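Participant: Just passing along the structure, written as structure tokens.
Number of protein chains: 2
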Amino acid sequence: MSYSVGQVAGFAGVTVRTLHHYDEIGLLRPGARSAAGHRRYDDADLDRLQRILFYRELGFPLEEVAVLLDDPDIDPQAHLRRQHGLLTDRIERLEKMAAAVERAMEARKMGINLTPEEKFEVFGDFDPDDYQEEVEQRWGSTEAYKESQRRTASYTKEDWKRIQEEADELGNRFLALMAAGTPPESEAAMDLAEEHRQGICRNHYECGHELHACLGRMYVSDHRFTENIDKAGPGLAAYLRDAILANAERHG
Amino acid sequence: MSYSVGQVAGFAGVTVRTLHHYDEIGLLRPGARSAAGHRRYDDADLDRLQRILFYRELGFPLEEVAVLLDDPDIDPQAHLRRQHGLLTDRIERLEKMAAAVERAMEARKMGINLTPEEKFEVFGDFDPDDYQEEVEQRWGSTEAYKESQRRTASYTKEDWKRIQEEADELGNRFLALMAAGTPPESEAAMDLAEEHRQGICRNHYECGHELHACLGRMYVSDHRFTENIDKAGPGLAAYLRDAILANAERHG
DNA sequence: GGTGCGTCCTCACGTCGCGTGAGGTGCAAG
DNA sequence: CTTGCACCTCACGCGACGTGAGGACGCACC
Numbered sequence: 001m002s003y004s005v006g007q008v009a010g011f012a013g014v015t016v017r018t019l020h021h022y023d024e025i026g027l028l029r030p031g032a033r034s035a036a037g038h039r040r041y042d043d044a045d046l047d048r049l050q051r052i053l054f055y056r057e058l059g060f061p062l063e064e065v066a067v068l069l070d071d072p073d074i075d076p077q078a079h080l081r082r083q084h085g086l087l088t089d090r091i092e093r094l095e096k097m098a099a100a101v102e103r104a105m106e107a108r109k110m111g112i113n114l115t116p117e118e119k120f121e122v123f124g125d126f127d128p129d130d131y132q133e134e135v136e137q138r139w140g141s142t143e144a145y146k147e148s149q150r151r152t153a154s155y156t157k158e159d160w161k162r163i164q165e166e167a168d169e170l171g172n173r174f175l176a177l178m179a180a181g182t183p184p185e186s187e188a189a190m191d192l193a194e195e196h197r198q199g200i201c202r203n204h205y206e207c208g209h210e211l212h213a214c215l216g217r218m219y220v221s222d223h224r225f226t227e228n229i230d231k232a233g234p235g236l237a238a239y240l241r242d243a244i245l246a247n248a249e250r251h252g
Numbered sequence: 001m002s003y004s005v006g007q008v009a010g011f012a013g014v015t016v017r018t019l020h021h022y023d024e025i026g027l028l029r030p031g032a033r034s035a036a037g038h039r040r041y042d043d044a045d046l047d048r049l050q051r052i053l054f055y056r057e058l059g060f061p062l063e064e065v066a067v068l069l070d071d072p073d074i075d076p077q078a079h080l081r082r083q084h085g086l087l088t089d090r091i092e093r094l095e096k097m098a099a100a101v102e103r104a105m106e107a108r109k110m111g112i113n114l115t116p117e118e119k120f121e122v123f124g125d126f127d128p129d130d131y132q133e134e135v136e137q138r139w140g141s142t143e144a145y146k147e148s149q150r151r152t153a154s155y156t157k158e159d160w161k162r163i164q165e166e167a168d169e170l171g172n173r174f175l176a177l178m179a180a181g182t183p184p185e186s187e188a189a190m191d192l193a194e195e196h197r198q199g200i201c202r203n204h205y206e207c208g209h210e211l212h213a214c215l216g217r218m219y220v221s222d223h224r225f226t227e228n229i230d231k232a233g234p235g236l237a238a239y240l241r242d243a244i245l246a247n248a249e250r251h252g
């Protein structure tokens, strides 16, 4: 079972040119070529194309789509789950917009006028804004940051929730150690720090021990991190840093 | 109350360059310029920008957005209604995709494999396909067709439903005349034909009497039209054509 | 009174995801 | 045998901006 460009274009609802383009940029190379040099797509290619079109539909640039599809730790099921998550996120966003439009209709009936900021609330408040800017200033050119951007772009709400839960749980285990009076240089604390590092690797970016140590120091030196972490329990940031540094030294 | 590019870009969540671009192409000209040549946006400009971003978000090309926004028979309320309609359509589509993904997950669990066509059903069966192609062949280069494409692009499901109802109602009134034995050249039939023509003007494209006459002839000469029309009542297509031709002659 | 700095301006070229010919090949049917 | 169709490879075009380059304006602080 193999198909020509025309056939594939037919049931995928794209043009032949699009398939040529995907071949050119290496996003979808047909499994084979006929003797005459004609592209021949097999079933696996169709599956891949389906995924490509799905992510494209949701606005991902083709380059990112390629990264997603070639990521070895995303199997077919994981893709379906992720797709479902992305869809529900998107639906939620549109429903909020619809609700905002309804409110606007109400407001107009009553002759209310909105402030400039309010006028754009339709699009949802994605406003880490000035903070985001500083992040770009400090980290924009590093590899780790770029990788994080790439990976988190396709995270759904459920993904974020899971990551948050993981982090909370880890925090609680650190707090338990602190409460028990276990020193941050102890085996147990260092093991937790190691788990912390691996969590970052899984969810955000490749984080070696050295980078992890930098991160730990910043948890204390940058008060915004400190405050945020200490919300779970005062002193946690400092304890975390010490455990991280001890763990880094152990592996260095 | 007037705002600089930077401010507007700020609360609209777009770049300054985007605003420059919209100015260049005439989509959003700021209400005024300062002495130094700086763009100054007023409240009306903000409203317009909000609409622009809304339609852009739903994937309209900027040129079409301009047409929509400058259409004099779309007042603010109408825009809100249309926006709401477009949103619900979109949500419906995404929900269907989500459902399809769920089915795919089920299918995968049971190890079923899908045929190539089935694989792409996720994207909803928009398959006037070969028919669509012929339409393009025959009408692709005419002004009326382009106008129709432009206008129907922003129609929501509700719009289509309304248009369908209008058409059905008109059909029934024609059938009543036929049943009563009224000739298609009668005043009553010609008036209905005129109403039919004006319906096309409102909902699809500028349709003069001459074009209308062509259309009428085609209703009989192209059997696909004939069959479709005669589903409402046998002989309707021919009767419709005769009434249209009589009406066209009356106005010619 | 200079001297940064931040925001604004206008070119003008670069990018992404294709669309759209132009010109040529391989092969089946009339 | 040639006509037609589906395929091929360049290669330029386009929409919606991104991204500097190079310069003007305004204000704040030394």
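Order-wise, the sequence lines are chains A and B.
In case it helps, the UniProt record's numbering puts the first sequence at residues 1 to 252.
In case it helps, the UniProt record's numbering puts the second sequence at residues 1 to 252.
Every residue gets a Cβ at the ideal spot worked out from N, C-alpha and C, and that includes glycine.
Just so you know, these numbers come straight off a predicted model, no measurement behind them.
1. Helix, strand or coil for Tyr3 of chain B? Go by DSSP, reduced to three states.
2. Give every residue of the same chain whose Cβ lies closer than 7 Å to the Cβ of Met190 of chain B, excluding the five residues on either side of it in the sequence, and list them in chain order.
3. In whole angstroms, what is the alpha-carbon distance linking Phe120 of chain A and His38 of chain B?
4. Hey, could you find the ends of the alpha helix (DSSP H) Ile52 of chain A is sitting in?
5. Under the rule that 16 or more other beta-carbon atoms within 10 Å means buried, what is Met110 of chain A, buried or exposed?
6. Which chain A residues sit within Cβ distance under 9 Å of Leu87 of chain B?
7. Taking CB distances under 8 Å as the criterion, tell me whether Gln149 of chain B reaches chain A.
8. For a test of the three-state rule: what should DSSP assign to Arg33 of chain B, helix, strand or coil?
9. According to DSSP, Arg39 of chain B sits in a beta bridge with which residue or residues?
10. Given that a residue counts as buried once 16 or more other Cβ atoms are within 10 Å of its Cβ, and exposed if not, what is His223 of chain B?
11. Check distances from the C-beta atoms of the stretch 167-199 of chain A to those of chain B and list, in chain order, the residues that come in under 8 Å.
12. Taking the C-alpha atoms as reference points, what is the distance between Trp160 of chain B and Thr18 of chain B?
13. Give, in chain order, every residue of the stretch 217-240 of chain B whose Cβ lies closer than 9 Å to some Cβ of chain A.
14. Determine the direct distance from the alpha carbon of Lys157 of chain A to that of Leu68 of chain A, and round the result to whole angstroms.
15. For Ile25 of chain B, does the count of other Cβ atoms within 10 angstroms reach 16, so buried, or fall short, so exposed?
16. Return helix, strand or coil for Phe174 of chain B, following the three-state DSSP convention.
17. For Arg33 of chain B, which residues in the same chain have their Cβ closer than 7 Å to its Cβ, ignoring the five residues on either side in sequence?
18. Does the Cβ-Cβ distance between Arg151 of chain B and His204 of chain B come in under 8 Å?
19. Beta-carbon within less than 8 Å of Glu64 of chain B's beta-carbon, same chain only, minus the 5 sequence neighbours each way: which residues are those?
20. Under a CB-based cut-off of 8 Å, is Ile52 of chain B close to chain A?
21. Within 8 Å (strictly less), CB to CB, does Ile163 of chain A reach chain B?
22. Taking the C-alpha atoms as reference points, what is the distance between Pro128 of chain A and Arg217 of chain A?
Facilitator: Well, looking at it:
1. Locating residue 3 of chain B in the second sequence gives position 3, counting from the first residue. It is a strand residue.
2. Against the second sequence, residue 190 of chain B aligns to sequence position 190. For Met190 of chain B, where only same-chain residues beyond five positions count, the Cβ hits under 7 Å are Ala243, Ala246, Asn247 and Arg250.
3. Start at 1 with the first residue of the first sequence, and residue 120 of chain A comes out as number 120. Start at 1 with the first residue of the second sequence, and residue 38 of chain B comes out as number 38. C-alpha separation (whole angstroms): 23 Å.
4. Position 52 of the first sequence, counted from the first residue, corresponds to residue 52 of chain A. Start and end: Asp43 to Glu57.
5. Working through the first sequence from its first residue, we reach residue 110 of chain A at position 110. Exposed.
6. Along the second sequence, one-based indexing puts residue 87 of chain B at 87. Here the neighbours are Leu94, Glu95, Met97, Ala98 and Val101.
7. Taking the first residue of the second sequence as 1, we reach residue 149 of chain B at position 149. No, Gln149 of chain B lies away from the interface with chain A (no Cβ there is under 8 Å from its Cβ).
8. Taking the first residue of the second sequence as position 1, residue 33 of chain B is located at position 33. Of the three classes helix, strand and coil, the one that applies to Arg33 of chain B here is strand, per DSSP.
9. Taking the second sequence and counting its residues from 1, the one referred to as residue 39 of chain B is at position 39. DSSP links Arg39 of chain B through a beta bridge to B:Arg33.
10. Here residue 223 of chain B corresponds to residue number 223 of the second sequence, with the count starting at 1. The residue is exposed, with fewer than 16 neighbouring Cβ atoms inside 10 Å.
11. Against chain B - using a Cβ distance shorter than 8 Å - the stretch 167-199 of chain A contributes no residues.
12. One-based indexing of the second sequence puts residue 160 of chain B at position 160. One-based indexing of the second sequence puts residue 18 of chain B at position 18. When rounded, the distance between both Cα atoms is 34 Å.
13. Those residues of the stretch 217-240 of chain B that come within reach of chain A (Cβ to Cβ, closer than 9 Å) do not exist; the list is empty.
14. As a first step, residue 68 of chain A is located in the first sequence; it is residue number 68 there, counting from the start. As a first step, residue 157 of chain A is located in the first sequence; it is residue number 157 there, counting from the start. Distance between the alpha carbons of Leu68 of chain A and Lys157 of chain A is about 17 Å.
15. In the second sequence, counting from the first residue as 1, residue 25 of chain B sits at position 25. Answer is exposed; the Cβ neighbour count stays below 16.
16. Residue mapping note: residue 174 of chain B aligns to position 174 of the second sequence, counting from 1. Taken through DSSP and simplified to helix, strand or coil, Phe174 of chain B comes out as helix.
17. For the purposes of this step, residue 33 of chain B is identified with residue 33 of the second sequence, where counting begins at 1. Here the set comprises Arg39 and Arg40.
18. The residue given as residue 151 of chain B occupies position 151 in the second sequence. The residue given as residue 204 of chain B occupies position 204 in the second sequence. The answer is yes: Cβ separation under 8 Å.
19. Along the second sequence, read from residue 1 onward, the residue named residue 64 of chain B stands at position 64. Residues Tyr55, Arg150, Ala153 and Ser154 of the same chain have their beta carbon placed closer than 8 Å to that of Glu64 of chain B, with the five preceding and five following residues left out of the count.
20. In the second sequence, counting from the first residue as 1, residue 52 of chain B sits at position 52. Cβ-Cβ to chain A under 8 Å: no for Ile52 of chain B.
21. In the first sequence, residue 163 of chain A corresponds to position 163, counting from 1. No - not a single Cβ of chain B is within 8 Å of the one on Ile163 of chain A.
22. Taking the first sequence and counting its residues from 1, the one referred to as residue 128 of chain A is at position 128. Taking the first sequence and counting its residues from 1, the one referred to as residue 217 of chain A is at position 217. Only weak support exists for where Pro128 of chain A lies, its pLDDT of 48 falling under 50; the coordinates are left without a value.
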